[in-house]
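Here the sequence shown is numbered in my numbering, starting from 255 and rising by one per residue. Here a beta-carbon is modelled for each residue, glycine too, at the ideal position from N, C-alpha and C.
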Amino acid sequence: MCICDHTNDNFSVNEVWRPDDNAQPKPRRPGSSDIYRPDVLETIESTIKDLDAELRALSLDIHAHPELRFEEYHAHDAYTEFMTKHGWEVTKQFHLPTAWQATFAHGSGGRTIGINSEMDALEGIGHACGHNLIGISGVAVALAIRAALEKHDIPGKIVLLGTPAEEGGSGKVILLEKGAYKGMDACLMCHPAPGPVGSVSLSSCLALQRLIVEYRGHTAHAALSPWEGKNALDAAVLGYNNISALRQQLKPTHRVHGIFEGKDWVANIIPDYAKFICYVRAPTREEMQETLKRVTPCFEAAGLATGCEVSIEYLGATFDLRQNKALGDEVANVILNKYGSIDYEWGIKSASTDFGNVTYALPALHPGFAIPTVKNGGNHTSAFAESAATITSHNACLDVSKALASTGVRVLADDEFFAKVVKTFKEDELLRGSI
């Protein structure tokens, strides 16, 4: 591994850890750059420390009751009861049956900071993406910011959203379209991933387009009169193989993958129906759209070759993470001074999230934080689900939550800093367009 030698106090947010390196990341020693309002960070740390046991119990409760997209009823009730108990104004079933909102305001005027808590799990493997940790991080950040606003008399509003269906349902995209993020000046959340404990990643992610391709043919006796049939399964297989051939001409940072499935398939009947579920990913929304133009003909050609009808449904796209540089630099400064190291290479760089769309709509940040995993036990494995319940992962979650809370308070309290946040967002918008 190559990480800069910390024998002096020169600060660089470009210090990185790469997964193929051998050494362990070294925490940054204090003194490189001043912490904004150390008194505020002390309040944040004290608040999260006092909440530690409650947050741990909440995390394990969610972890023990995994629920699939749009079915997070236990999580909805657990989180809303928790926030109500802590004196927040809670709206249940906020735009969606399992979404929720908790708000708190202090003083008059001021800006609004948004925070997200994810809730859903994965079929068969539970919380194998660590959403139990993401959920309690949102709670920790919100409660810590509130404590800072009250103790230090900082005006502002906090909006914590419980966001369902990140895994395949694009819950945040739906909430964004329904106006759930309206009024937020910035929005924060985090996500666990494999990596060296104590490291926080500010990488982006891949933009994603989901497609459902349906082939419709004609049944026939597979031995007696196969010439009477139009084989929808053959069409799906050809589509799959066409994509396999295309991959050789795609950039290595692009991803195209999927499965095909059918109904009432038996060996002696030519299938008249097959479905291909496909994901197209690329580092940016623009690149994803260009790759999509090359993938679509793969499906159409398969229909043409087999004589099957082809229908393509384009499900909602999710975008790359447009990590706000001003917000990211602030989190990096807190992490390097207090809790660990910063990286721009691992995290969820080659995965996708519906929070990407939020980052296109308003200034936002979505750092990854490392939790311990076994070999080949990364996100979306049963081993990662086990990792998400460990005390080490819990502590890593709370550390990044402290940095996010500190950054959130600065958004509310520091006019000059917020101007940088807005400037960064507008500059990036010119480069990559708006939502």
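task = Give the straight-line distance between the Cα atoms of Gly437 and Asn386, rounded to the nearest whole angstrom.
result = Stepping through the sequence shown from its first residue, residue 437 is reached at position 183. Stepping through the sequence shown from its first residue, residue 386 is reached at position 132. Spanning the two alpha carbons is a distance of roughly 27 Å.
key: Proximity winner among Met542, Phe553 and Gly561, relative to Trp481 (alpha-carbon distances)   = One-based indexing of the sequence shown puts residue 481 at position 227. Residue Gly561 is the option with its Cα nearest to Trp481.
task = Could you pull the start and end residues of the alpha helix (DSSP H) that Asn386 belongs to?
result = As a position in the sequence shown, residue 386 is number 132, starting the count at 1. Segment His385 to His406, the alpha helix (DSSP H) holding Asn386.
request  = Within the same chain, show all residues whose beta-carbon is closer than 6 Å to that of Ile729, passing over the 5 residues directly before and after it, in chain order.
outcome  = Outside the shown range of the chain, which is 255 to 689, sits residue 729, and nothing can be said about it.
request  = Run through the region 326 to 352 for me and flag every whole beta strand (DSSP E) of 3 or more residues, listed as ranges in chain order.
outcome  = 343 to 345
inquiry  = Using 8 Å as the threshold, is the C-beta distance between Ser595 and Gly368 below it?
reply    = As a working note, residue 595 is residue 341 in the sequence shown. As a working note, residue 368 is residue 114 in the sequence shown. No, Cβ-Cβ distance for Ser595 and Gly368 is not below 8 Å.
key: Candidates Pro450, Gln502, Glu544 and Ala559, of which the one nearest Val491 by Cα   = Indexing the sequence shown from 1 puts residue 491 at position 237. Among Pro450, Gln502, Glu544 and Ala559, the Cα nearest to that of Val491 belongs to Ala559.
query = Do you know whose CA, among Ala657, Tyr598 and Gly570, lies nearest Arg464's CA?
reply = Position 210 of the sequence shown holds residue 464. Ranking the options by Cα distance to Arg464, first place goes to Gly570.
Any beta strand (DSSP E) of 3 or more consecutive residues that is wholly inside the region 609 to 635 = 622 to 625
query = In three-state DSSP terms, what is Gly493?
reply = Against the sequence shown, residue 493 aligns to sequence position 239. The answer is helix: DSSP assigns Gly493 an H, G or I state.
task = Name, in chain order, the residues that DSSP records as bridge partners for His360.
result = Taking the sequence shown and counting its residues from 1, one reaches residue 360 at position 106. DSSP, once it has assigned bridges, lists Gly410 as partnering His360.
request  = Can you have a look at Gln502 and say buried or exposed, based on whether 16 or more other CB atoms are within 10 angstroms of its CB?
outcome  = Along the sequence shown, read from residue 1 onward, the residue named residue 502 stands at position 248. Exposed: under 16 other Cβ atoms inside 10 Å.
inquiry  = So, at 8 Å on beta carbons, what are the nonlocal neighbours of Asp668 in its own chain, with the 5 sequence-adjacent residues on each side left out?
reply    = Along the sequence shown, read from residue 1 onward, the residue named residue 668 stands at position 414. Once the five neighbours on either side are set aside, the close Cβ partners of Asp668 are Tyr290.
inquiry  = Quick check on the DSSP output: what are the complete beta strand (DSSP E) runs of length 3 or more inside the region 423 to 473, in order along the chain?
reply    = 440 to 442, 445 to 448, 453 to 455 and 461 to 470
task = Compare the C-alpha of Arg539 against each of Ala394, Gly610 and Val454 and name the closest.
result = As a first step, residue 539 must be located in the sequence shown, where it is residue number 285. The shortest C-alpha separation from Arg539 is found at Gly610.
ask   = Of the residues Ala318, Asn370, His406 and Asp288, which one's Cα is nearest the Cα of Ile250?
value = The chain is shown only over 255 to 689; residue 250 falls outside these bounds and no answer can be derived.
key: Simplified DSSP assignment, three categories, for Thr560   = Sequence index remark: in the sequence shown, residue 560 carries index 306 (1-based). Reduced to three states, the DSSP call for Thr560 is helix.
message = For Cys367, list the residues DSSP reports as bridge partners.
response = Here residue 367 corresponds to residue number 113 of the sequence shown, with the count starting at 1. The question names Cys, but residue 367 is Ile in the sequence shown. In DSSP, Ile367 forms a bridge with Ile412 and Ala440.
ask   = Do Leu666 and Arg470 have their CB atoms nearer than 8 Å?
value = Residue mapping note: residue 666 aligns to position 412 of the sequence shown, counting from 1. Residue mapping note: residue 470 aligns to position 216 of the sequence shown, counting from 1. No, Cβ-Cβ distance for Leu666 and Arg470 is not below 8 Å.
inquiry  = Let me confirm a value: Val654 is counted as buried when at least 16 other C-beta atoms fall within 10 Å, else exposed. Which label applies?
reply    = Against the sequence shown, residue 654 aligns to sequence position 400. Under this definition Val654 is a buried residue.
ask   = For Gly687, which of helix, strand or coil comes out of DSSP?
value = What you label residue 687 is simply residue 433 of the sequence shown in a count that begins at 1. Residue state, collapsed to three classes: coil.
request  = Return the chain-ordered list of same chain residues with a C-beta closer than 8 Å to the C-beta of Gly516, the five sequence neighbours on each side being excluded.
outcome  = As a working mapping, residue 516 is identified with position 262 in the sequence shown. Taken in chain order, the residues that qualify are Ala486, Leu487, Ala490, Pro525, Tyr527, Ala528 and Lys529.
ask   = Near Ala659, which residues of its chain fall below 6 Å by C-beta distance, leaving aside the five closest residues on each side in sequence?
value = For the purposes of this step, residue 659 is identified with residue 405 of the sequence shown, where counting begins at 1. Correct list, in chain order: Ile298, Val395, Ala398 and Ile399.
task = Could you pull out every residue in the same chain whose Cβ sits closer than 7 Å to the Cβ of Val676, ignoring the five residues on either side in sequence?
result = In the sequence shown, the residue the question calls residue 676 occupies position 422. Answer for Val676: Pro617, listed in chain order.
key: Where Leu305 falls: helix, strand or coil (DSSP)   = Sequence index remark: in the sequence shown, residue 305 carries index 51 (1-based). Of the three classes helix, strand and coil, the one that applies to Leu305 here is helix, per DSSP.
query = Applying the criterion that 16 or more other CB atoms from any shown protein chain within 10 Å of the CB defines a buried residue, is Gly389 buried or exposed?
reply = Counting from 1 along the sequence shown, the entry for residue 389 is found at position 135. Classification for Gly389: buried.
inquiry  = As a quick exercise: from Arg509, Leu456 and Ala359, pick the residue whose alpha carbon is nearest that of Gly601.
reply    = Stepping through the sequence shown from its first residue, residue 601 is reached at position 347. The candidate whose alpha carbon is nearest that of Gly601 is Leu456.
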